[in-house]
Every structure is written in structure tokens, then in C-alpha cells.
Amino acid sequence: MTFTLPILLASCFAAAFFGILLMWLWLRARRQAEQHGWQQETDRLQHSLALQQQMQQQGAQQLSQTAQALAEARSQLAATQQAAQGYQARHAAAEQSVQHLQRERNELAERQQQLQSRLAAEQEESESRQSRAVAAEQSVQHLQRERGELAEQQQQLQSQLDSARQELAASRLQHQRVQTQIEQQQQAHAEQIALLNDARQNLSEQFQNLANRILEEKSQRFSEQNRKELDQLLHPLNEKLQGFSQLVQNTYEKEAKERLTLENELKRLQQLNARLHDDAQALTQALTGSRNKSQGNWGEMILEKVLESSGLTKGREYEVQSGGRHIEEDGSSRYLQPDVIVKLPDRKHIIIDSKVSLTAYVRYTQADSPEQAAAELAAHLASVHQHIKELAAKPYGEIEGIESPDFVLMFVPVEPAYLLALQQDPELFQTSFEKRIVLVGPSTLLATLRTVANIWRYENQNRNALQIAEEGGKLYDKFTGFVDTLEKVGKNLQQAQDSYQTAYKQLYSGRGNLIGRVEKLRQMGVKAGKRLDEKLVEQAGAEALPEPQEETAGGTAEE
């Protein structure tokens, strides 16, 4: 049989209404998740500040240890005299490496600011989408009020249909643009991954070279201590870099697989819809004359088949024959068990119950006269109204632990019977909606469930993105702490170098220097098996300047 254009438009409007409502619920849950993520980021920054203060205290302890090491170094001046010049050159190279690391840290900070700007832009876009969803919901309500006049405005609806087709073409063009933007973002992500891998390799090489240079100049005791400290710093950093790279690669591969799966599912959608239609007609013939229980089981089977085809996972995104207790006004309770409970992000639910009106519809299709067809059609409408009345009497939305919108989806497995009822009674949809019941057929329910599946896919992607951002923040904090510690090591080395130069100058500079006094003892007849270097003795003699007699006591005190 042929169906009029208003009924098809009403079905499209119903599917659009559910899609917009589900998108609004998802956007609100996503915004709450983003606010929770920012709160976690604030707590992490406060924890990082406390760690930096603790590292400052550790730096003070390291300074004390350096002072003790300096006292030991003064006792080993003769052994370290020849290595002073080479040590100073390597120290200058270490300072250059520290400056290079400081520049790279600044570049990482700029990248983090860019990512934060992008997150703010995405949040603004989410708010804009939410406002558009509210406006679209108001528009749907306005269209529902005008649905009663659709029969008299067929010509106007034809023009609106043309406009809708133009908008559909524009939407497809917009979809292509969004797809292009996604590909560009994926390419940019791949480039960033390559840059991170290069930076990780360069940092690893530079850290290793710097560690080798420092270890070569230390004594055995200091070498062992520094090797342990560098291993403790570099090993977690290397693990974080490897984990971050693997996480980004897994996310990219998962997104590519999901996109390919979605394309294949969309191609199968029309074939699946046609197959469902054919199966429904064949089963209608087979179920003619069956009991209501058999028809109900068949309707539940069709409902579960549509759920499996939607991409949702049983036990995770939806539950079958799962219910709960409802508390009556008199304090008693009864167990309610809807056919399907579909889960949404943020612990929301959608309740679906299957109702089959098949017997009268089959007799209507087989009627031999217009009078018999009219009688069977009236019986079919009465059966649909009876199912709506029975379903409205069950307070599924008040089940304990269930948080769902103020309506229940009544699934009619036979698409022609569903469309025939809407065609015969244009007010049927509005009447059922006033009783908190929304009629859906296989096609409209499948479109709604596919929207739910996409919402879950976007929710999972957002969770992975938050985890990537969190791992990047931890990596940046660890790297910053390492650079700060390395700067402190450089300052301690510089202080040790300055102290060494001061102690070395005391050997030969000034009147009454140590070399001059020791050489004077030798000249006075002290027996010694070895002699100091002549150049050092001459340098000590040249540095010894005449001083006034009254300052001798001060010089002796200095000695």
C-alpha cells in the first residue's frame, strides 16, 4: 500500500527529535566531564608546587653535602692540579647543554599553551552546539503543533521538502568539510608524534652524553652516587615517553578502525533495513493465528536484532529483561521489567518496550471487501491504542536506580503496521506522546540507537584525550624537575670550581704564601727527598709582593 507524505515527514521529525535530545544529553555530560578534568588539573598543579618546594629542601641538603665534599677536595689539591683545565672545559660544555635544555623546556611550555587554547575553543563550540540543540528542540515542538494542519498544507510541505533536501545537501557538504578537518588534525597529530619521538631521542642522547661526562670527572664514590641519581631520573622519564608514544599510536589506530567500521555499517544500513522489512512480512504470515505470547516473544527478538545491528554491546550499553523495584504510594513495592534499558553517558537511561499489533493488520491486508478492510483497520487501531494505554500505566521511569527522560519508547516491530496506524490516525503520535509514550518503528529506532552508539564512541574518545593530556602534563612536570635539579648541579660545580681556584691561589699568591714558606724551610736545611716544580716556585716568588711592616700580623692571621 502507498503511504502519504505527511506520515513519512512525521516519522522523520520523530527521529530528528530523538537525535537532538540524545545529542543535548551527551553535550551536557561532556561539559561536566571537562569541568571535572580541569578540577583534576588544578589539583595536580598544586601537588607539583608542593613537590618543587620539597626539591628545594633537597637542594639545600645537597649544598651541605657539597660543602663537605669541598673540604675533602682541599686535602686532594695536589692530585687534582693537572685535571683542573680539562675539568673547566667540560664544565663549560655542560653549561651549554643545560642552556639548550632550558630552550627546549620553553618550547614545550608554548606547545602546552597552544593545547589549552584549543581546548578553550572546543568548549566554546560545545556551548554553541548546546544552544543550537535547544533552538532545534523548540523548533520541533512548533512543528508538532502544526502537524494537524499538514493535510491542508500539502503543497507548502512539498516546498519545505525541497528545502529539506537542499539542507541535506548542505549537511553532506558540511560533513565532508568536517571529515577533511579531522584528516588534517590526524595529520597534525602524526607530525606531533614524530616531533616528540625525535625530541625523545635527542634528549636521551644528550642526557646520556652529559651523564658520561660528569661520571668521568668524579671519584669512585661520587661516580657511583651520581650514576644512581641519573638512573632514577632518566628511567622514569624514558618510561613516560614510551608510554605516551604508545598511547598516542593506539588512539590513532583505534580511531581509524572505528571510522572504517562506521563506513561499513552505514553501507549495510539500507540492506539491513530492507532485510528487516522482508523478514517482518514473512514472520507476519507465519505468526498469523498465534497466541499473544508468541507474538510478544517475536517482537522482543526483532528488538534485540535491531539493538545488535546498531553497534551497541549487550551488557555494556544496554540490558535486556533487566528491571527493578517501584515503590507505590501505599508503601508497597512491585517489580517492573521493561524489555530493554539503553544506557547513556553520565548514568542516563532510555527505556524501550516492544508491543506487537499483528493479527488485525494481517486480516486487513487479506480483506476481500472495503467494509471488511475498514473493520479490520479499526481493530488494528484499537489494538495499538490498547498497547499505549497498558504501557502508560507502567511507571518505568520511577524504577529505583533508573534515571531516564519522562517518556518510554514503544517499539512496533512491523514497519507497515506502524506506518498504517500513523496514516489512519494523524493524532496518534501526539496522543501517545501526551501519555509519555513515543511510537517508533524499526527504521526510526535504528537511527536513534546509531546516534546513541556515536555518543558512546565520542565519549570514549574524549576519555582517551583527557588521559593523553594528563600523561603529557606529568611528563612535562617530570622534565621540569630534572632540568631544575641539573641547574642546581651546575651551580654546585661552579661553586666547587671557584673554591678550588681560591685554594690554589693560596699556594703561591701573596706575601708569605704556602709554597714560599715550604721552600724557605728547605733552604734552611730541612732534609727532603723531593723538590717542588721550579716554575711553581718562581711563580710563587713573583706573586709575593712587599707589604708594610704593620700589616704582618694581619697576614699571619690570614695564614
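According to this note's numbering, the residues represented by the sequence shown are -7 to 551, in order.
All C-beta atoms in this analysis are idealised placements derived from N, C-alpha and C, irrespective of residue type, glycine included.
Assigned exposure category for residue i - 16 Cβ within 10 Å defines buried
i	result
D331	buried
M516	exposed
Q32	exposed
G291	buried
S435	buried
S286	exposed
E368	buried
V518	exposed
Y356	buried
E39	A small fix is needed here, since residue 39 is His in this sequence, not Glu. Flag for H39 reads exposed.
G307	exposed
A385	exposed
K527	exposed
R169	exposed
Y353	buried
Y327	exposed
T351	buried
L513	exposed
R22	buried
For residue i, three-class secondary structure by DSSP
i	result
F403	strand
S301	helix
D270	helix
V348	coil
L383	helix
A365	helix
I391	coil
R326	strand
K497	helix
K340	strand
P418	coil
R503	coil
Q358	coil
L524	coil
Heavy atom of the ligand GTP within 7 Å of residue i beta-carbon
i	result
E116	The ligand content of the structure shown is nil, which means the ligand GTP is not present either.
Test: residue i CB closer than 8 Å to a CB of chain B
i	result
A359	Absent here is chain B; the protein component of the structure consists of one chain.
Pick from the options that is closest to residue i, judged by C-alpha positions
i	options	result
N454	H28, I12, E296, R326	H28
A520	E511, K527, L528	E511
S349	W18, I391, V430, V376	V376
E250	R449, P405, D190, A352	R449
A445	Y310, R23, I(-1)	Y310
A182	Q238, T305, L264, G502	Q238
E26	K297, K483, E116	E116
G11	R442, E392, T305	R442
S3	L412, R20, P387, N230	L412
N289	A371, L513, E530, V312	V312
E99	W18, F471, Q241, L14	F471
L383	Q364, Q358, K347	K347
I185	T305, V240, T172, K220	V240
E296	Q329, I333, V481	I333
Q179	A113, E247, G502	E247
Cβ pair residue i, residue j closer than 8 Å
i	j	result
A7	T440	yes
E300	K340	no
D338	Q106	no
G235	E463	yes
I429	F403	no
Y410	G389	no
I294	P405	yes
G473	G508	no
F421	L431	yes
L336	I342	yes
I460	S424	no
L373	D417	yes
L1	K232	no
I447	W18	yes
A365	A371	no
L485	Q498	no
Q415	I(-1)	yes
N456	T243	yes
Residues that residue i bridges to, as DSSP identifies them
i	result
V518	According to DSSP, V518 bridges with nothing at all.
Y353	According to DSSP, which records beta bridges pairwise, Y353 is partnered with nothing at all.
E311	I333
V430	L401
K306	Y310
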